[in-house]
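Trainee: The structure follows.
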Amino acid sequence: MIKGNKDTIELYVNNGRMKLDQNRLFDLPMDCSSIRQRVYGDMPPFSPLNRPIAFVRTIYKMYELQEALLALSYHPDNTFCFILDAKSSNKFKNSVRSMSDCFENVIVLENEYILNSGGHGQDPAHFDCLLTILNRKWDHAIILQNFDLVIKTPYQLSDLSELLNYTSIMGFEFGVTSRYNTKADWTPAGMKLFKNETGVPDKILHTKMRVRKSLNQVILSKVFVKSMFEKLNMDIIIKLFDDNDYYGVDEMFVQTLHENYLGLDGQMESNCTQNHVDILTRLTHWDFTGPNGFDKECHSKWKRHGVCVLGVEYLNQLFKSQMVTANKVLATFDFETIACMREMIKMNVTGETPDAVWLTSFPQFREMQMKTNGTYDRNTFDC
């Protein structure tokens, strides 16, 4: 199936996909020995990572899925931070917290957030996690949600972080005006964004910030994250974006801070306004035609919220992709996709790690390279 053999895939699908039916699952042994065995017991010995990664994930259902997704990326040098939906079942919450107790590098926030399909709660939850793990050892953080699949090995992600240096990766698009309050005061001064305004140029303080967006899934350098927490008071801007009067609110906050120059470490200085698709962070097969459910345009013939669900029909695409994550996987639709991805990571047969040449399509990466070699000129930089 990884090679895209249609006969094998058809045989598997016709005989019934592997699905996790929450009402028919046996209870998993939840002692630490059993949990550790399931997460990494069959993996080769771990080698040290030059640049550890933090995985920051909001979750709300299906413990078995979350344990399997942890197993995809687990390495003792990495950090994993989970945020629970306050509405989740007690059984789910207790299971996730029990899992966390078995690993020094797996954290579950005490705070729980009310998460919904409109994106509400995501930004405050993710940044609560980032603050919690700020003093741990990691170089880039990957922001994730419940159904995101990581499709690179820990070693590939470490190598990618080394290439990125202090660069963060996200797409560049203008914010959709129907998703935020356009009448709000979007100047840093109006939002009391800086903890200390002394020395901040008036042009930065009193210029209206351009709202930017991409996907919720972004790759953030620790240099940038640390500078945000040190220099900014983000309470007001987070509340402005996390507004219950709007829908799809979780794709603009960090993008707006990154792409409006505020003098932060690890931030783009160029204020690029051109749109740029993120071709690194998340592989997605979009289809906005028709309702959820059966969709002949999806390789898996199934869709949820405008996104084709990743059945085994997508394994060959995942195998070849240079992207870091994919969305979305549903254990209740096809758990085999996740199981096969685990085998691919175990056998080290995932897609290529992006190289520096490929990454130059990102203006923030080119800017970082130029600053490193002393050739950057803000006035002549080509976005």
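Our numbering applies: residue 1031 is where the sequence shown begins, and numbers increase by one.
We put the beta carbon where it would ideally sit given N, CA and C, even for glycine.
Take S1077 and list the residues in its own chain whose beta-carbon comes closer than 8 Å to its own, dropping the five residues that flank it on each side.
Mentor: Y1185
Trainee: Residue range of the alpha helix (DSSP H) that V1253 falls in?
Mentor: Membership of V1253 in the alpha helix (DSSP H) is indicated by the continuous run K1252 to K1261.
Trainee: For E1203, write down the residues that DSSP places opposite it in a beta bridge.
Mentor: K1243
Trainee: Assign D1153 to one of two classes, buried (16 or more other C-beta atoms within 10 Å of its C-beta) or exposed (fewer than that).
Mentor: buried
Trainee: By the 10 Å Cβ neighbour count, where 16 or more other Cβ atoms means buried, how is Q1067 classified, buried or exposed?
Mentor: exposed
Trainee: Nearest-angstrom Cα distance between K1297 and S1351?
Mentor: Looking at the sequence shown, residue 1297 is not Lys but Gln. Straight across, the Cα-Cα distance linking Q1297 with S1351 is about 27 Å.
Trainee: How would you call L1223, buried or exposed, if buried means at least 16 neighbouring beta carbons within 10 angstroms?
Mentor: buried
Trainee: For S1147, count neighbouring C-beta atoms within 10 Å of its own C-beta (all shown protein chains included) and say buried if the count is 16 or more, exposed if not.
Mentor: Around the Cβ of S1147, a 10 Å sphere holds fewer than 16 other Cβ atoms; the residue is exposed.
Trainee: Under 8 Å between the Cβ atoms of V1342 and L1360?
Mentor: no
Trainee: Can you give me the start and stop residues for the beta strand (DSSP E) that L1100 sits inside?
Mentor: First-last for L1100: Y1093 to S1103, but that is the alpha helix (DSSP H), not the beta strand (DSSP E).
Trainee: Three Cβ pairs or more, each shorter than 8 Å: is that satisfied between the region 1208 to 1222 and the region 1275 to 1293?
Mentor: yes
Trainee: Quick check: V1086 and I1173, are their CB atoms within less than 8 Å of each other?
Mentor: Taking 8 Å as the Cβ cut-off, V1086 and I1173 qualify as a contacting pair.
Trainee: Could you name each continuous alpha helix (DSSP H) segment of 4 residues or more that falls completely within the region 1122 to 1195, going from the start of the chain to the end?
Mentor: 1152 to 1162 and 1184 to 1194
Trainee: If we count Cβ pairs, one from each stretch, closer than 8 Å, do we get three or more for the region 1383 to 1402 versus the region 1191 to 1201?
Mentor: yes
Trainee: Using 8 Å as the Cβ pair cut-off and three pairs as the minimum, do the region 1091 to 1106 and the region 1121 to 1141 touch?
Mentor: yes
Trainee: May I have the straight-line CA-CA distance separating N1263 from S1064, to the nearest angstrom?
Mentor: The alpha-carbon atoms of N1263 and S1064 are separated by roughly 43 Å.
Trainee: Using DSSP with H/G/I as helix, E/B as strand and the rest coil, what is L1287?
Mentor: helix
Trainee: Just reading off the alpha helix (DSSP H) that W1388 is part of, what are its end residues?
Mentor: Where W1388 is concerned, the enclosing alpha helix (DSSP H) stretches over A1386 to L1389.
Trainee: Please list the segments of the alpha helix (DSSP H) lying wholly inside the region 1374 to 1413, counting only runs of 4 or more residues, in order along the chain.
Mentor: 1386 to 1389 and 1393 to 1403
Trainee: Determine the DSSP secondary structure at A1116, reduced to helix, strand or coil.
Mentor: coil
Trainee: In or out: C1062 buried (at least 16 other Cβ within 10 Å) or exposed?
Mentor: exposed
Trainee: With which residues is L1331 paired in a DSSP beta bridge?
Mentor: The residue asked about is misnamed: residue 1331 is Lys in this sequence, not Leu. Answer is none; K1331 lacks a bridge partner.
Trainee: Going by CA-CA distance only, name the one from E1382, V1354, D1385 and V1387 that's closest to D1178.
Mentor: V1354
Trainee: Taking the alpha-carbon of K1401 as reference, which of D1295, C1328 and E1373 has the nearest alpha-carbon?
Mentor: D1295
Trainee: Applying the criterion that 16 or more other CB atoms from any shown protein chain within 10 Å of the CB defines a buried residue, is T1367 buried or exposed?
Mentor: buried
Trainee: Work out the CA separation of P1384 and S1188 for me, nearest whole Å.
Mentor: 12 Å
Trainee: Thinking L1313 and A1356 are a contact (beta carbons under 8 Å), I'd like their distance in whole angstroms, please.
Mentor: 4 Å
Trainee: Please state the DSSP three-state secondary structure of R1312.
Mentor: If DSSP states are grouped into helix, strand and coil, R1312 belongs with the strands.
Trainee: Could you pull out every residue in the same chain whose Cβ sits closer than 7 Å to the Cβ of I1375, ignoring the five residues on either side in sequence?
Mentor: L1102 and T1183
Trainee: With DSSP as the reference, identify every bridge partner of C1338, one or two as the case may be.
Mentor: For C1338, which the question treats as bridged, DSSP gives the partners K1333.
Trainee: Using 10 angstroms around the beta-carbon of A1084, count the other beta-carbons present and answer buried if the total reaches 16, otherwise exposed.
Mentor: buried
Trainee: Taking the C-alpha atoms as reference points, what is the distance between L1079 and T1380?
Mentor: 18 Å
Trainee: Would you mind reading off the limits of the alpha helix (DSSP H) that contains I1089?
Mentor: That residue, I1089, is in no alpha helix (DSSP H); its beta strand (DSSP E) goes I1083 to I1089.
Trainee: Cβ atoms of A1171 and K1252: under 8 Å apart, would you say?
Mentor: yes
Trainee: Between which two residues does the alpha helix (DSSP H) carrying N1044 extend?
Mentor: K1036 to N1044
Trainee: Compute the distance between the beta-carbons of K1233 and M1282, then report whether it is under 8 Å.
Mentor: no
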